[in-house]
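Participant:
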Ligand SMILES: C[S@@+](CC[C@H](N)C(=O)[O-])C[C@H]1O[C@@H](n2cnc3c(N)ncnc32)[C@H](O)[C@@H]1O
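Residue numbers (my numbering): 1 to 218.
1. With a threshold of 8 angstroms, are at least 3 pairs of Cβ atoms found where one atom belongs to the stretch 29-44 and the other to the stretch 109-116?
2. If distances are taken between C-alpha atoms only, which option among 162, 34 and 125 comes closest to residue 193?
3. Okay, do the stretch 159-173 and the stretch 114-129 touch, 3+ Cβ pairs below 8 angstroms being the bar?
4. Compute the Euclidean distance between the alpha carbons of residue 19 and residue 67, then round it to the nearest angstrom.
5. According to DSSP, which residues form a beta bridge with residue 32?
6. With hydrogens ignored, establish whether the beta-carbon of residue 66 is closer than 8 angstroms to any heavy atom of ligand 1.
7. Assess, as a yes-or-no matter, whether the stretch 139-150 is touched by the stretch 99-106 under the definition of 3 or more beta carbon pairs within less than 8 angstroms.
8. Taking DSSP's pairing of strands, which residues face residue 133 in a bridge?
9. Nearest by alpha-carbon distance to residue 87: which of 173, 69, 78 and 80 is it?
10. Please classify residue 211 as buried or exposed, where buried requires at least 16 other C-beta atoms within 10 Å of its C-beta.
11. Could you tell me if residue 167 is buried or exposed, where buried requires 16 or more neighbouring beta carbons within 10 angstroms of its beta carbon?
12. Could you tell me whether the Cβ atoms of residue 172 and residue 119 are closer together than 9 angstroms?
13. Could you say which of 99, 14 and 72 lies nearest to residue 33 if we only look at CA atoms?
14. Heavy atom of ligand 1 less than 8 angstroms from the Cβ of residue 69, yes or no?
15. In this structure, does DSSP put residue 211 in helix, strand or coil?
16. For the beta strand (DSSP E) that contains residue 196, what are its first and last residues?
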């Protein structure tokens, strides 16, 4: 079986019993939380400082948008790290589990979950400090077959993220592009839409697989 055949499918892997299975999996929780901690580390990456003159001020009052928040593993880590969090997910089966868990959480007031599509983010301009997305961003083009449709979607989302971010806002996306071509599509959609940035690979031997995109609003 190729690596990509083992990757979860959207939406089948996240509805009904699959959503329950996802939320109850200790392995998944550990994995998502570990990756989110890495994303927080990348958010503070000093190489991003060199990309413009705007300084990155350490401020725990930052509002972080968690794109494709699922059942909230990543959002929980962000809230526990002291950030204010807006988690967005398109599937009720996933998001309602996140909301349910948040009720018992001491950081309840720091997290807001919104049922919405990453492609149509219902957020105001200049309202978000930084964006993270863990294991979700590749799904925004999963139903698009034509290259033109993929490009259109990626450009719209990159433009929207640019609008809702405050000045010098940062974006860290951990995702699984299908191949090198798709990785290039994702990267260039941000570069064409006023972001600077670069890719970090966790495993240099992988041709595709897990990638981290580190970006900063110009
Ligand atoms: C691997 S899961 C969630 C990972 C999340 N980091 C967590 O901690 O649980 C990926 C999520 O992306 C969501 N998703 C996929 N496409 C989406 C879209 N267009 N808009 C919003 N959410 C989307 C799915 O519903 C799913 O819950």
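Don't be surprised by glycine CBs; every beta carbon is placed ideally from N, CA and C.
Facilitator: So, from the data block:
1. Touching, no.
2. Distances from the alpha-carbon of residue 193 to those of 162, 34 and 125 put 162 closest.
3. Taking 8 angstroms as the limit for Cβ pairs, the verdict is that the stretch 114-129 does touch the stretch 159-173.
4. Going from the Cα of residue 19 to the Cα of residue 67 covers about 17 angstroms.
5. DSSP, once it has assigned bridges, lists no residue as partnering residue 32.
6. Residue 66: yes, Cβ under 8 angstroms from ligand 1.
7. Counting Cβ pairs under 8 angstroms, fewer than three are found: no touch.
8. Looking at the DSSP assignment, residue 133 forms a beta bridge with 173.
9. Of the candidates 173, 69, 78 and 80, the one whose C-alpha sits nearest the C-alpha of residue 87 is 69.
10. Counting other Cβ atoms within 10 Å of its Cβ, residue 211 reaches 16 or more and is therefore classed as buried.
11. By the neighbour-count rule (16 or more Cβ atoms within 10 Å), residue 167 is not buried but exposed.
12. Remark: C-beta atoms of residue 172 and residue 119 do not approach each other more closely than 9 angstroms.
13. That would be 72, whose Cα lies nearest to the Cα of residue 33.
14. Yes, the beta carbon of residue 69 sits closer than 8 angstroms to at least one heavy atom of ligand 1.
15. DSSP places residue 211 in strand when its eight states are reduced to three.
16. From DSSP, the beta strand (DSSP E) with residue 196 extends over 195-201.
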